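Quick note: the sequence shown uses this note's numbering, first residue 164, plus one each step.
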Amino acid sequence: TTYTLIPGGITGTSFTVSPSSSQTYSITGTSTEGCLSGNEATTNITVNPTPTVAIAAVSNPTICSGNVTTITPSGASTYTLNPGNISGTSFTVNPTSNQTYSITGTSAEGCIGANEATTDVFVNPTPTIAIVSVSNPTICSGSSSIITPVGALTYTLNPGAIAGTSFTVSPTSNQTYTLTVTSSLGCTDDNNVTITVAPPPTASFNFTGNNSCSNIPIQFTNTSTGTGLSYAWNFGDPSSGGQNTSSQTNP
Numbered sequence: 164t165t166y167t168l169i170p171g172g173i174t175g176t177s178f179t180v181s182p183s184s185s186q187t188y189s190i191t192g193t194s195t196e197g198c199l200s201g202n203e204a205t206t207n208i209t210v211n212p213t214p215t216v217a218i219a220a221v222s223n224p225t226i227c228s229g230n231v232t233t234i235t236p237s238g239a240s241t242y243t244l245n246p247g248n249i250s251g252t253s254f255t256v257n258p259t260s261n262q263t264y265s266i267t268g269t270s271a272e273g274c275i276g277a278n279e280a281t282t283d284v285f286v287n288p289t290p291t292i293a294i295v296s297v298s299n300p301t302i303c304s305g306s307s308s309i310i311t312p313v314g315a316l317t318y319t320l321n322p323g324a325i326a327g328t329s330f331t332v333s334p335t336s337n338q339t340y341t342l343t344v345t346s347s348l349g350c351t352d353d354n355n356v357t358i359t360v361a362p363p364p365t366a367s368f369n370f371t372g373n374n375s376c377s378n379i380p381i382q383f384t385n386t387s388t389g390t391g392l393s394y395a396w397n398f399g400d401p402s403s404g405g406q407n408t409s410s411q412t413n414p
């Protein structure tokens with residue numbers, strides 16, 4: 164027994180076909196005695212389209228080192244990103260240097276795309292900022308300190324959004340300052356420095372003894388408050404010479 168496939172008029176006992184679009188085939192048969200079949204059998208071959216993958220969007224084609232960007236493909240149902248062999252529908256990547264990514268796709272019917280889409284992500288270096296000196300990390304209220312950074316040409320100090328190369332600050336209470344540097348490529352780096360404002364000391368004392376009588380010693384007792392204090396007493400009696408002043412805590 165032999166068969167004939169239509170379209171094509173191909174004779175055989177089985178048929179391998181590769182239609183480019185959905186196709187209905189009919190088959191007639193002839194017996195070994197030469198008798199034609201009284202019917203024809205039909206079958207439908209459905210051809211699903213092969214997906215064409217494209218890059219729909221890249222959120223940031225150029226990023227700063229340490230940042231991320233999202234690549235969104237289109238044209239298929241699921242995708243594979245390389246390098247990495249990562250499956251998904253969109254991909255968030257954080258390369259450390261310039262990188263070319265390729266994406267292949269598969270349709271919902273399981274057809275693998277005939278192409279791969281590529282995109283480049285460029286990585287700009289992040290500048291580095293350091294605090295080279297702080298003239299006075301701890302100051303008294305009303306005093307100032309100079310903050311000097313290094314690593315770039317200009318900086319921005321916050322709070323205040325002050326631009327410059329060094330900064331004189333006079334906080335009234337403990338304050339953390341943030342210095343930001345921005346490269347010509349738009350990448351930034353931050354560094355913090357804290358200035359501590361010491362509370363002012365309070366000077367006070369009391370004494371024992373009768374200061375109206377001559378040659379009777381008077382004991383002064385220091386009751387001042389504060390930290391790291393030094394003392395300069397003046398008793399208001401210049402004629403007493405060296406005894407008119409003292410640096411003792413309790414003279």
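No residue lacks a Cβ here, since even glycine has one placed at the ideal position from N, Cα and C. As the structure is a prediction and not an experimental result, all values here were calculated from the model.
Best match in the options for proximity to residue i [C-alpha to C-alpha]
| i | options | result |
| --- | --- | --- |
| S367 | G327, N413 and P401 | N413 |
| S129 | A239, P246, I249 and I358 | Here the chain has residues from 164 to 414 only, and residue 129 is not among them. |
| T291 | L342, N223 and P401 | L342 |
| A239 | I169, S270 and S298 | S270 |
| S329 | I294, T281 and I169 | I294 |
| T243 | I275, T232, V313 and V231 | I275 |
| Q382 | P246, S393 and Q411 | Q411 |
| I249 | S265, S260 and N261 | S265 |
| V313 | P401, G305, G327 and G273 | G327 |
| S336 | G273, A361 and T263 | A361 |
| V216 | T241, L392 and T232 | T241 |
| N202 | T390, S183, P212 and T167 | T167 |
Spatial distance of residue i from residue j (CA atoms)
| i | j | result |
| --- | --- | --- |
| T397 | S409 | Reading off the sequence, residue 397 comes out as Asn, not Thr. Answer to the nearest angstrom: the Cα atoms are 7 Å apart. |
| P258 | S189 | 56 Å |
| G172 | T191 | 10 Å |
| T225 | V332 | 36 Å |
| V284 | A315 | 26 Å |
| N105 | T235 | There is simply no residue 105 to check, as the chain begins at 164 and stops at 414 in what is shown. |
| V221 | L348 | 19 Å |
| F178 | T281 | 39 Å |
| S346 | N287 | 10 Å |
| T371 | P322 | 51 Å |
| N278 | V256 | 22 Å |
| D400 | T384 | 18 Å |
| S307 | P364 | 18 Å |
| S181 | S260 | 45 Å |
| N407 | L392 | 20 Å |
| G404 | T390 | 30 Å |
| T252 | V344 | 36 Å |
| T195 | I169 | 20 Å |
| A219 | P334 | 51 Å |
| G305 | P380 | 39 Å |
| G247 | T174 | 49 Å |
Residue i classed as buried or exposed, judged by whether at least 16 other C-beta atoms fall within 10 angstroms
| i | result |
| --- | --- |
| A204 | exposed |
| G268 | buried |
| F254 | buried |
| I310 | buried |
| T263 | exposed |
| P214 | buried |
Residue i and residue j closer than 8 Å at C-beta
| i | j | result |
| --- | --- | --- |
| S237 | T209 | no |
| T319 | I325 | yes |
| T388 | N369 | no |
| C350 | C227 | yes |
| D352 | T289 | yes |
| T165 | T176 | yes |
| L199 | T206 | no |
| N354 | T339 | no |
| T232 | N245 | no |
| N230 | E272 | no |
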